[in-house]
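**Q**
Residue numbers (UniProt numbering): 1 to 262.
1. Quick one, which of 127, 133, 113 and 175 has its alpha-carbon nearest residue 165's?
2. Residue 104: buried (16+ other C-beta within 10 angstroms of its C-beta) or exposed?
3. Are the CB atoms of residue 133 and residue 151 nearer to each other than 7 Å?
4. Between which two residues does the alpha helix (DSSP H) holding residue 129 run?
5. Using C-beta distances below 7 Å, list every residue in its chain close to residue 158, excluding the 5 sequence neighbours before and after it, in chain order.
6. Beta strand (DSSP E) containing residue 239: first to last residue?
7. Could you have a look at residue 175 and say whether DSSP puts it in helix, strand or coil?
8. Which residue from 2, 178 and 67 puts its Cα closest to that of residue 145?
9. Return the residue from the list 101, 88 and 232 that minimises the CA-CA distance to residue 122.
10. What is the C-beta distance between residue 217 and residue 240, in whole angstroms, given that I count them as a contact (C-beta under 8 Å)?
11. Where are the beta strand (DSSP E) runs, 3 residues long or more, that stay fully inside the region 23 to 47, in chain order?
12. Does the structure place the region 181 to 190 close enough to the region 240 to 250 that three or more beta carbon pairs sit under 8 Å?
13. Report the option in 149, 226, 255 and 174 whose CA atom is closest to the CA atom of residue 193.
14. So, with DSSP's three-state summary, where would you put residue 159?
15. Just to confirm, are residue 153 and residue 235 a CB contact at a threshold of 7 Å?
16. From the DSSP output, which residues share a beta bridge with residue 253?
17. Could you pull the start and end residues of the alpha helix (DSSP H) that residue 111 belongs to?
18. Taking the continuous alpha helix (DSSP H) assigned at residue 228, which residues delimit it?
19. Pairing CB atoms from the region 48 to 67 with CB atoms from the region 23 to 32, are three or more of them under 8 Å?
20. Which residues in the same chain as residue 25 place their Cβ atom closer than 8 Å to its Cβ, once the five residues preceding and following it in sequence are excluded?
21. Give the DSSP-derived three-state secondary structure of residue 139 in the structure shown.
22. Using the Cβ count rule (16 or more neighbours within 10 Å means buried), how would you classify residue 214?
23. Under DSSP, the alpha helix (DSSP H) around residue 71 begins and ends at which residues?
24. How big is the Cα-Cα spacing for residue 92 and residue 195?
25. By DSSP, does residue 153 sit in helix, in strand, or in coil?
26. From residue 173 to residue 74, what does the alpha carbon distance come to, in whole angstroms?
27. Among residues of its own chain, excluding the 5 on either side of residue 39, which ones have a beta-carbon nearer than 6 Å to its beta-carbon?
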């Protein structure tokens with residue numbers, strides 16, 4: 001069995017399973033105060049920085065999955081490429097992804113189904129060091145029960161290309177889409193708050209014309225929002241902060257938003 005091993009354990013999140021579990025459970029417990037009753041989300045948008053920076057914001061969305069832990073059986077995870085430049089969407093040749101909390105099997109039937117979609121390639125170069133997908137996995141492992149994974153790193157791709165892949169795997173209640181994206185980067189605190197508020201307004205309107213200044217994961221995000229529009233989903237903002245609110249300086253911050261779509 002070919003397994004994609006963790007690349008950022010010990011850097012973006014704790015490498016020891018017990019410490020990692022404790023960290024995530026604490027963030028989820030803090031997020032539960034804002035939890036509201038709702039139907040099972042079909043899609044969530046979550047940030048992907050180190051846990052001390054964006055973990056509490058991500059937890060605000062993941063907390064809303066816990067009541068439906070038995071429903072979700074297949075997770076389609078899309079995030080931007082930070083280290084490997086390419087065009088299209090990259091699948092992994094691995095059979096499973098590992099985190100300190102265990103191994104998650106890849107849904108090979110789903111991978112095969114989308115492998116012929118326009119722009120889809122298979123290359124582990126895109127996955128080997130990519131953190132945008134990896135940091136979501138421990139949250140999923142501790143909020144859901146058993147599930148299979150379809151990990152997709154998105155390079156330079158059109159919203160139509162991404163939406164085609166999402167639509168091919170749309171499925172029913174058993175399928176959840178997780179879109180990994182931070183918001184603005186390296187503005188001062190007040191500028192970032194204004195920019196991220198404007199971007200949030202666009203996300204809530206399902207505007208699928210975001211750029212890299214607004215969201216670093218704009219390519220997977222635009223495709224997801226186009227799909228959400230096609231399927232008449234409704235987006236809700238559940239948290240919006242930045243690194244100046246969590247663990248960083250206010251001089252140059254990174255924005256983080258969490259959203260659920262039903």
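Note that beta-carbon positions come from the ideal geometry of N, C-alpha and C, so glycine has one too.
**A** Here's the rundown:
1. Looking up residue 165 in the chain shown gives position 165. The shortest CA-to-CA distance from residue 165 to any of 127, 133, 113 and 175 is the one to 113.
2. The residue you call residue 104 lines up with position 104 of the chain shown. Flag for residue 104 reads buried.
3. Numbered from its first residue, the chain shown carries residue 133 at position 133. Numbered from its first residue, the chain shown carries residue 151 at position 151. Yes, these two residues count as a Cβ contact at 7 Å.
4. Along the chain shown, read from residue 1 onward, the residue named residue 129 stands at position 129. Per DSSP, residue 129 belongs to no alpha helix (DSSP H) and is neither H nor E.
5. Taking the first residue of the chain shown as 1, we reach residue 158 at position 158. Excluding positions up to five away in sequence, the list is empty.
6. Working through the chain shown from its first residue, we reach residue 239 at position 239. First-last of the beta strand (DSSP E) with residue 239: 235 to 242.
7. The sequence position of residue 175 within the chain shown is 175, counting from 1. The answer is strand: DSSP assigns residue 175 an E or B state.
8. For the purposes of this step, residue 145 is taken as residue 145 along the chain shown, with counting starting at 1. Residue 67 is the option with its Cα nearest to residue 145.
9. The sequence position of residue 122 within the chain shown is 122, counting from 1. Measuring from the Cα of residue 122, the nearest candidate turns out to be 88.
10. Indexing the chain shown from 1 puts residue 217 at position 217. Indexing the chain shown from 1 puts residue 240 at position 240. With 8 Å as the limit, residue 217 and residue 240 do not qualify as a contact, their Cβ atoms being about 15 Å apart.
11. 43 to 46
12. yes
13. Start at 1 with the first residue of the chain shown, and residue 193 comes out as number 193. Of 149, 226, 255 and 174, the residue nearest in Cα terms is 255.
14. As a working mapping, residue 159 is identified with position 159 in the chain shown. Correct three-state label for residue 159: helix.
15. Translated into positions along the chain shown, residue 153 becomes position 153. Translated into positions along the chain shown, residue 235 becomes position 235. For residue 153 and residue 235, no; Cβs fall outside 7 Å.
16. Residue 253 sits at position 253 when you count from the first residue of the chain shown. Residue 253 pairs with 187.
17. Taking the first residue of the chain shown as 1, we reach residue 111 at position 111. 108 to 114 is the span of the alpha helix (DSSP H), which, as asked, contains residue 111.
18. As a position in the chain shown, residue 228 is number 228, starting the count at 1. 218 to 230 is the span of the alpha helix (DSSP H), which, as asked, contains residue 228.
19. In short, these stretches touch, since the Cβ pair count reaches three.
20. Here residue 25 corresponds to residue number 25 of the chain shown, with the count starting at 1. Within the same chain, residue 25 has close Cβ partners 142.
21. The residue labelled residue 139 in the question sits at position 139 within the chain shown. Looking at residue 139 - three-state DSSP - the assignment turns out to be helix.
22. Position 214 of the chain shown, counted from the first residue, corresponds to residue 214. Under this definition residue 214 is a buried residue.
23. For the purposes of this step, residue 71 is taken as residue 71 along the chain shown, with counting starting at 1. Careful: residue 71 lies outside any alpha helix (DSSP H) and carries neither H nor E.
24. Against the chain shown, residue 92 aligns to sequence position 92. Against the chain shown, residue 195 aligns to sequence position 195. Residue 92 and residue 195: Cα-Cα distance of roughly 34 Å.
25. Residue numbering aside, residue 153 sits at position 153 when the chain shown is read from its first letter. Of the three classes helix, strand and coil, the one that applies to residue 153 here is strand, per DSSP.
26. Your numbering for residue 173 matches position 173 in the chain shown. Your numbering for residue 74 matches position 74 in the chain shown. Straight-line Cα distance between these residues: approximately 9 Å.
27. Counting from 1 along the chain shown, the entry for residue 39 is found at position 39. Excluding residues within five positions, the ones whose Cβ falls inside 6 Å are 262.
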